[in-house]
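Q: Per this note's numbering, the sequence shown starts with residue 5, numbered consecutively.
Just so you know, even glycine gets a beta-carbon here, dropped at the ideal spot from N, CA and C.
Structure below; questions to follow.
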Amino acid sequence: MMIFDLTAPVAPVAPAVSDTVTVAVNGVNGAPSNSIVILLAITLLSVVPAILLMTTSFTKIFVVLSFTRNALGLQGVPPNQVLAGLALFLSLFIMAPVISEVNDVGVQPYMSGALSFTEAVDVGKAPLQNFMLDHTREQDLALMTRAADRENPANEADVPFTTLVPAFLISELRSAFIMGFVIFIPFLVIDLVVSASLMSMGMMMLPPVMISLPFKLLLFVLVDGWGLVVSSLIGSYTGSG
Numbered sequence: 005m006m007i008f009d010l011t012a013p014v015a016p017v018a019p020a021v022s023d024t025v026t027v028a029v030n031g032v033n034g035a036p037s038n039s040i041v042i043l044l045a046i047t048l049l050s051v052v053p054a055i056l057l058m059t060t061s062f063t064k065i066f067v068v069l070s071f072t073r074n075a076l077g078l079q080g081v082p083p084n085q086v087l088a089g090l091a092l093f094l095s096l097f098i099m100a101p102v103i104s105e106v107n108d109v110g111v112q113p114y115m116s117g118a119l120s121f122t123e124a125v126d127v128g129k130a131p132l133q134n135f136m137l138d139h140t141r142e143q144d145l146a147l148m149t150r151a152a153d154r155e156n157p158a159n160e161a162d163v164p165f166t167t168l169v170p171a172f173l174i175s176e177l178r179s180a181f182i183m184g185f186v187i188f189i190p191f192l193v194i195d196l197v198v199s200a201s202l203m204s205m206g207m208m209m210l211p212p213v214m215i216s217l218p219f220k221l222l223l224f225v226l227v228d229g230w231g232l233v234v235s236s237l238i239g240s241y242t243g244s245g
């Protein structure tokens, strides 16, 4: 015997409509969600070249290495890719303490949920800002402050980041050009001696570069030129050079 349920069906209820849409930034334990972390990582990768060029030692190192190559009279040896790679790893070596501190005070607390994104940025940029201030001339800071039509900061902590970045870059370029001038002097002397010797022998049709290049390479190898240049670059940031 079959029994049929003749109870009337319940009328459907309309879904609740909200005027606001919320996106969960943090996970269950307060840490940022995986989607937010991936989004921040992609955004960071897009601005890494600008950060590398303007807030680290990369620009100065690359310029000095380029000056060294030009002083030797070599046009494409070593190639730009090699110089850029060497400059990159030297920059990572020099910036390692700063990167480690940024990770300890900013990135890890944010990943654990102890700090919000804004707080992590404010705290995390402090080690980088201190590094830039240590290698920025006061004259360059004053120049950029006047160009921005701002009042002089009371202390280093009050220096705006937008003023510090160009001032730091100008200071780095100035230091790189000074080192490049010092590197050029001995090779310039060799060029002058070779040119004068060729002219005295009446060999004016022979390019002096063909004769001076082997002597410049020999001098550079004998004095361990790459080691001197690299140690001077590292010492200009660590204070040992």
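Relative to the C-alpha of valine 193, which residue among Asp228, Gln85, Ala75 is closest?
A: Here the question's residue 193 lines up with position 189 in the sequence shown. Among Asp228, Gln85, Ala75, the Cα nearest to that of valine 193 is on Ala75.
Q: Between which residues of its own chain and phenylalanine 172 is the CB-CB distance below 6 Å, once the five residues before and five after are set aside?
A: On the sequence shown, residue 172 is found 168 positions in, with the first residue counted as 1. So the qualifying residues of the chain are Met136, Thr140.
Q: Figure out for me which residue from Ile215, Ala151, Ile98, Ile189 has the closest Cα to the Cα of serine 199.
A: As a position in the sequence shown, residue 199 is number 195, starting the count at 1. The shortest Cα separation from serine 199 among Ile215, Ala151, Ile98, Ile189 belongs to Ile215.
Q: Could you check the C-alpha separation between methionine 205 and proline 212 for me, to the nearest Å?
A: The sequence position of residue 205 within the sequence shown is 201, counting from 1. The sequence position of residue 212 within the sequence shown is 208, counting from 1. Straight-line Cα distance between these residues: approximately 12 Å.
Q: Can you tell me whether DSSP reads threonine 63 as helix, strand or coil?
A: Taking the first residue of the sequence shown as position 1, residue 63 is located at position 59. It is helical.
Q: What residue range does the alpha helix (DSSP H) around serine 116 cover?
A: Here residue 116 refers to the residue found at position 112 when the sequence shown is read from its first residue. Careful: serine 116 lies outside any alpha helix (DSSP H) and carries neither H nor E.
Q: Do you know how far the Cα of leucine 119 is from the Cα of glycine 231?
A: On the sequence shown, residue 231 is found 227 positions in, with the first residue counted as 1. On the sequence shown, residue 119 is found 115 positions in, with the first residue counted as 1. Looking at the two C-alpha atoms, the distance is approximately 43 Å.
Q: The alpha helix (DSSP H) with asparagine 84 in it runs from where to where?
A: Locating residue 84 in the sequence shown gives position 80, where the first residue counts as 1. Segment 84 to 106, the alpha helix (DSSP H) holding asparagine 84.
Q: Indicate the three-state DSSP secondary structure (helix, strand or coil) for aspartate 228 in the structure shown.
A: By 1-based counting over the sequence shown, the position of residue 228 is 224. In the structure shown, aspartate 228 sits in coil (DSSP, three-state: anything other than H, G, I, E or B).
Q: Rounded to whole angstroms, what's the CA-CA distance from methionine 148 to methionine 203? Just pull it up for me.
A: By 1-based counting over the sequence shown, the position of residue 148 is 144. By 1-based counting over the sequence shown, the position of residue 203 is 199. Answer to the nearest angstrom: the Cα atoms are 49 Å apart.
Q: Going by DSSP in three states, alanine 158 sits in which element: helix, strand or coil?
A: Looking up residue 158 in the sequence shown gives position 154. Note: alanine 158 maps to coil in three-state DSSP.
Q: Within 8 Å, do at least three Cβ pairs link the segment 112 to 127 to the segment 80 to 89?
A: no
Q: So leucine 94 packs on leucine 217, CB below 8 Å; how close in whole Å?
A: In the sequence shown, counting from the first residue as 1, residue 94 sits at position 90. In the sequence shown, counting from the first residue as 1, residue 217 sits at position 213. Actually they do not touch by this definition, with Cβ atoms about 26 Å apart.
Q: Can you tell which of Pro113, Ala152, Phe224, Ser179 has its C-alpha closest to the C-alpha of glycine 320?
A: Residue 320 is absent from the model: the chain starts at 5 and stops at 245.
Q: If you drop the 5 nearest sequence neighbours on each side, which residues of the same chain put their C-beta closer than 7 Å to that of valine 102?
A: Your numbering for residue 102 matches position 98 in the sequence shown. Setting aside the 5 residues that flank it on each side, valine 102 is surrounded in the same chain by Pro131, Leu132, Phe135, each with a C-beta closer than 7 Å to its C-beta; the list follows chain order.
Q: Quick one: Cα of phenylalanine 121 to Cα of proline 53, how far?
A: Counting from 1 along the sequence shown, the entry for residue 121 is found at position 117. Counting from 1 along the sequence shown, the entry for residue 53 is found at position 49. Approximately 22 Å, taken between the alpha carbons.
Q: Below 8 Å, can you find three or more Cβ-Cβ pairs linking the segment 55 to 68 to the segment 176 to 196?
A: yes
Q: Kindly indicate which residue of Leu221, Ser240, Thr63 has the alpha-carbon position closest to the one of valine 81.
A: Sequence index remark: in the sequence shown, residue 81 carries index 77 (1-based). The residue with the shortest Cα to Cα distance from valine 81 is Leu221.
Q: Can you tell me which of the three DSSP states leucine 210 falls into?
A: Walking along the sequence shown from the start, residue 210 turns up at place 206. Note: leucine 210 maps to coil in three-state DSSP.
Q: Within 10 Å of its beta-carbon, does aspartate 144 have 16 or more other beta-carbons around it, so buried, or fewer, so exposed?
A: Locating residue 144 in the sequence shown gives position 140, where the first residue counts as 1. Per the 10 Å Cβ criterion, buried.
Q: Measuring alpha carbon to alpha carbon, tell me which residue in Val127, Ile187, Thr72, Leu92 is nearest glycine 110.
A: In the sequence shown, residue 110 corresponds to position 106, counting from 1. Answer by Cα proximity: Val127.
Q: By DSSP, does methionine 136 sit in helix, in strand, or in coil?
A: Taking the first residue of the sequence shown as position 1, residue 136 is located at position 132. The answer is helix: DSSP assigns methionine 136 an H, G or I state.
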